[in-house]
Amino acid sequence: MTEHPITDAPPTRESLRDWLNAPVAKSPGQARAQSIWRAAKRLGGNYAAMAGLFILIVLVGAAAFAPWLAPYGPFEQDLNRRLLPPSADHWFGTDQLGRDIYSRVLHGASITLRIALLAAAIAGPIGLLVGATAGYLGGWVDTVAMRVVDVFLAFPALILALAFVAALGAGINNAVIAIALASWPPIARLARAETLSVRKSDYIAAARLTGAGPLRIIVRHIMPICIPSVVIRVTLNMAGIILTAAGLGFLGLGAQPPMPEWGAMLATGREFMLTHWWLATMPGIAILTVSLAFNLLGDGLRDALDPRHG
Amino acid sequence: MADASNLARPSLTGRRWYRRSVATARILLTVAITMLGLITLTFFIGRVLPFDPVVAILGDDSSREAYDRVYRQLGLDRPLYEQFFTYMRDVLSFDFGRSLSSGRPVIDDITRVFPATVELALLSIFFGVAIGVPLGVAAAARQGSWIDQLIRVFALIGFSAPNFWLGLVGLAVFFAGLGWVGGPGRLSTFYQFDIEIRTGLILIDSALMQRWDIFQDAVSRLVLPVGILAYGAMAFIARMTRSFMLEQLSQEYIIAARAKGVSRTAVIWVHAFPNIAVQLVTVIALAFGFLLEGAVLTETVFAWPGLGRYMTTALLRGDMNAVLGCVIVIGLIFITLNLLCDLFYRSFDPRTR
Chain A
9 MTEHPITDAP
19 PTRESLRDWL
29 NAPVAKSPGQ
39 ARAQSIWRAA
49 KRLGGNYAAM
59 AGLFILIVLV
69 GAAAFAPWLA
79 PYGPFEQDLN
89 RRLLPPSADH
99 WFGTDQLGRD
109 IYSRVLHGAS
119 ITLRIALLAA
129 AIAGPIGLLV
139 GATAGYLGGW
149 VDTVAMRVVD
159 VFLAFPALIL
169 ALAFVAALGA
179 GINNAVIAIA
189 LASWPPIARL
199 ARAETLSVRK
209 SDYIAAARLT
219 GAGPLRIIVR
229 HIMPICIPSV
239 VIRVTLNMAG
249 IILTAAGLGF
259 LGLGAQPPMP
269 EWGAMLATGR
279 EFMLTHWWLA
289 TMPGIAILTV
299 SLAFNLLGDG
309 LRDALDPRHG
Chain B
521 MADASNLARP
531 SLTGRRWYRR
541 SVATARILLT
551 VAITMLGLIT
561 LTFFIGRVLP
571 FDPVVAILGD
581 DSSREAYDRV
591 YRQLGLDRPL
601 YEQFFTYMRD
611 VLSFDFGRSL
621 SSGRPVIDDI
631 TRVFPATVEL
641 ALLSIFFGVA
651 IGVPLGVAAA
661 ARQGSWIDQL
671 IRVFALIGFS
681 APNFWLGLVG
691 LAVFFAGLGW
701 VGGPGRLSTF
711 YQFDIEIRTG
721 LILIDSALMQ
731 RWDIFQDAVS
741 RLVLPVGILA
751 YGAMAFIARM
761 TRSFMLEQLS
771 QEYIIAARAK
781 GVSRTAVIWV
791 HAFPNIAVQL
801 VTVIALAFGF
811 LLEGAVLTET
821 VFAWPGLGRY
831 MTTALLRGDM
841 NAVLGCVIVI
851 GLIFITLNLL
861 CDLFYRSFDP
871 RTR
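In order, the protein sequence lines correspond to chains A and B. Taking this note's numbering, I'd label the letters of the first sequence as residues 9 to 318. Taking this note's numbering, I'd label the letters of the second sequence as residues 521 to 873.
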């Protein structure tokens, strides 16, 4: 034993690969690192998922550096240069007010990203908490929670979002709230199913024997188990969230003009579709690309992390 | 086998019957509770969530008397639970109130516009299934091949593309550019007053009247919206079919059948397909539900006088009664579809008994 001291941290760079590939993990930390490493390798071998990831990295880059990348400002009008087709000066052409569409699409990336992340950041934890609590406590809490989930699932997400927006009023913040309210229930159902599969495990019983209360068990011992599948689900949902947000923008209920939100841009471009196709086409391609990227990545994540549904 | 054991112990069938009716009763109870929840949710959205429903109707600058009158008309002076019971009674008798913009009862408006959506959705689901299922099976049969990759990408794009954008591009290319299809709307204004409405489905009505010119006009206008909605449904159905089929094809009975010398086509369609058929029905019902969602935006793009456009128009006018009426109707359709699937599942899939 003295020749092989049990260490948790990888000591040197050369042995990091060996440490990650070791046939037997020597500590919980190593085991966890190994399973993440293996999943990452599986994901890396999936070219479609990597393409999705690449697009999303580009999107984040575009969102972060839009002010420096965009040749023009998103609101910069030049009425002498209205409705110009795509050219070297204006890659995606210009709109009816002479604004550069390429610059607006770039600036729109951060809006789309913010809507999607905010909605996911609200819906994910709510779904996780409701699902884990219902699954662990069982009984009437479970019944009530699941009936509520059923009611929310009785509507397509867009319809529910429309109803909430109708009540709350149009606008980007209300759109985020509406989308989040419409997308937590499937996550709750998923988290509940995961919880049911572990609630009778020995480690939960052990935690209870050491005196842990329900709250501690749910938050510290059950929610972490649900996180991988919830993350996959949320990633897969992102595409739907982006489409819903764009749909709300298109109907004039989400982000309002002159904000360069892609759905709202599409709505403006609609009037010019038959004569100046680039106005609506370019933001549409942007929406398609990003939602495709999330779908590709989500598929890959599911294959890599969740071999049961391969 | 089952018959012999039933003859030997007749009481078992009785018990099984009892168990099944209890299970069915439980499903129906769940549905009733879900509907109650649905009503509660729409009540909450319509009456509680807006800061002031009266202002939502009258606008900001209304006189004090008008405000008080509407306030009492809406029953807002009564306690919340009383309002809720009135609301529930109304909804259960399909009274969604009057549309603020058209002045007619919302339910009349909905029954008038609904057939347009049904026509769109039925045709779309038909093509979605007719194309999606074979594609999914083909992809699963040649897992990993270029065909599989192609179908996956094709389906994934259908999944990811905003259908309102596809509609706009489709109109620009196929209507304005090539002139292959008819423009927005269900019929050209030329025919609008010629048609005698019986079923509300223009294809059937025009066929009944033997007016093939109207029929042709309707078809040319249906092609694009149906094509786009069917593409979305197809993408979903093909994806699910593929994954169900893959699951079946990895089972031992398939290997056994193949080892016995059954051809690959026969194994897929005779042995594996019946086993996924029940699951597929659920998926198709789900796809139909999503079509209603897709129809909201597609109808807006195509100026299609259906439920979706009615709802979005109402939304933009702040016509809350109409919006919630649509929400309830769509919710009811969803719940009914789910219920039918559930019952279907239970009677055809022995594993769920």
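All residues carry an ideal CB built from backbone N, CA and C; glycine is no exception.
> For chain A, is any of its Cβ atoms less than 8 angstroms away from the one on residue 810/B?
Replying inline: yes
> How would you label residue 598/B, buried or exposed, when you count the other beta carbons within 10 angstroms and need 16 or more for buried?
Replying inline: exposed
>> Quick check on residue 76/A - is its C-beta less than 8 angstroms from some C-beta in chain B?
In response: no
>> So, for residue 559/B: in the same chain, excluding its five sequence neighbours on each side, which residues have a beta-carbon less than 6 angstroms away from its beta-carbon?
In response: 608, 611
> What's the gap between the Cα of residue 154/A and the Cα of residue 74/A?
Replying inline: 43 angstroms
> What residues of chain A sit near residue 496/B, judged by a beta carbon separation below 9 angstroms?
Replying inline: Chain B is shown only over 521 to 873; residue 496/B falls outside these bounds and no answer can be derived.
>> Cutting at 8 angstroms between CB atoms, please list the residues of its own chain near residue 242/A, excluding the five before and the five after it.
In response: 128, 131, 132, 195
> Under 9 angstroms Cβ-Cβ, which residues of chain A neighbour residue 847/B?
Replying inline: 163, 167, 168, 170, 171, 174
> Taking the Cβ atom as the reference point for each residue, do residue 685/B and residue 295/A lie within a distance shorter than 8 angstroms?
Replying inline: yes
>> Just to confirm my understanding: we take residue 644/B, look at its own chain, exclude 5 residues before and 5 after, and list those with CB closer than 7 angstroms. What are they?
In response: 746, 749, 750, 753, 811
> Are the Cβ atoms of residue 100/A and residue 270/A separated by less than 8 angstroms?
Replying inline: no
> So residue 281/A is in the alpha helix (DSSP H); what residue range does that whole segment cover?
Replying inline: It is not in any alpha helix (DSSP H) - residue 281/A carries neither H nor E in the DSSP assignment.
> Buried or exposed: where does residue 304/A fall if 16 or more other Cβ atoms within 10 Å of its Cβ makes it buried?
Replying inline: buried
> From residue 672/B to residue 756/B, what does the alpha carbon distance come to, in whole angstroms?
Replying inline: 11 angstroms
> Mind checking if residue 851/B is an interface residue toward chain A, Cβ cutoff 8 angstroms exclusive?
Replying inline: yes
> When the Cα of residue 866/B is compared with those of 801/B, 840/B, 763/B, 846/B, which residue comes out closest?
Replying inline: 801/B
>> Could you pull the DSSP bridge partners for residue 102/A from this structure?
In response: 108/A
>> Let's test the definition: count the other Cβ atoms within 10 Å of the Cβ of residue 542/B and tell me whether it reaches 16, buried, or not, exposed.
In response: exposed
> Can you give the beta carbon distance from residue 843/B to residue 174/A, rounded, assuming they're within the 8 angstroms contact cut?
Replying inline: 5 angstroms
> Within the 8 angstroms Cβ cut-off, does residue 258/A reach chain B?
Replying inline: yes
>> Counting only Cβ-Cβ distances shorter than 9 angstroms, please list the residues of the stretch 691–723 of chain B near chain A, keeping chain order.
In response: 691, 692, 693, 695, 696, 697
>> Runs of 4 residues minimum, wholly inside the stretch 594–641 of chain B: which ones carry the alpha helix (DSSP H) assignment?
In response: 600–612
>> Using beta carbons (cut-off 8 angstroms, strictly below), is residue 102/A in contact with chain B?
In response: no
>> Which residues of the stretch 285–302 of chain A have a Cβ closer than 7 angstroms to any Cβ of chain B? Give them in chain order.
In response: 285, 288, 289, 292, 295, 296, 299, 300
> So what does DSSP say about residue 78/A, is it helix, strand or coil?
Replying inline: coil
> Between the beta-carbon of residue 190/A and the beta-carbon of residue 168/A, is there less than 8 angstroms?
Replying inline: yes
>> Using a Cβ distance threshold of 8 angstroms, determine whether the stretch 133–148 of chain A contacts the stretch 244–262 of chain A, with at least three qualifying pairs required.
In response: no
>> Is the beta carbon of residue 275/A closer than 8 angstroms to that of residue 260/A?
In response: yes
> Sorted by chain position, which residues of the same chain lie with C-beta nearer than 8 angstroms to residue 150/A's C-beta, five sequence neighbours on each side aside?
Replying inline: 142, 143, 200
> Three-state secondary structure (DSSP) at residue 9/A?
Replying inline: Confidence at residue 9/A is low in this model, with a pLDDT of 41, below 50, so its placement is unreliable and the value that follows should be read with caution. It is coil, neither helix nor strand.
> Per DSSP, what kind of secondary structure is residue 113/A in: helix, strand or coil?
Replying inline: helix
> Quick one: which chain B residues come within Cβ less than 8 angstroms of residue 159/A?
Replying inline: 554, 557, 558, 560, 561
> Are the beta-carbon atoms belonging to residue 827/B and residue 815/B less than 8 angstroms from one another?
Replying inline: yes
>> Could you tell me the alpha carbon to alpha carbon distance between residue 288/A and residue 278/A, rounded to whole angstroms?
In response: 6 angstroms
>> So for residue 83/A, helix, strand or coil by DSSP?
In response: coil
> Helix, strand or coil: which one does DSSP assign to residue 729/B?
Replying inline: coil
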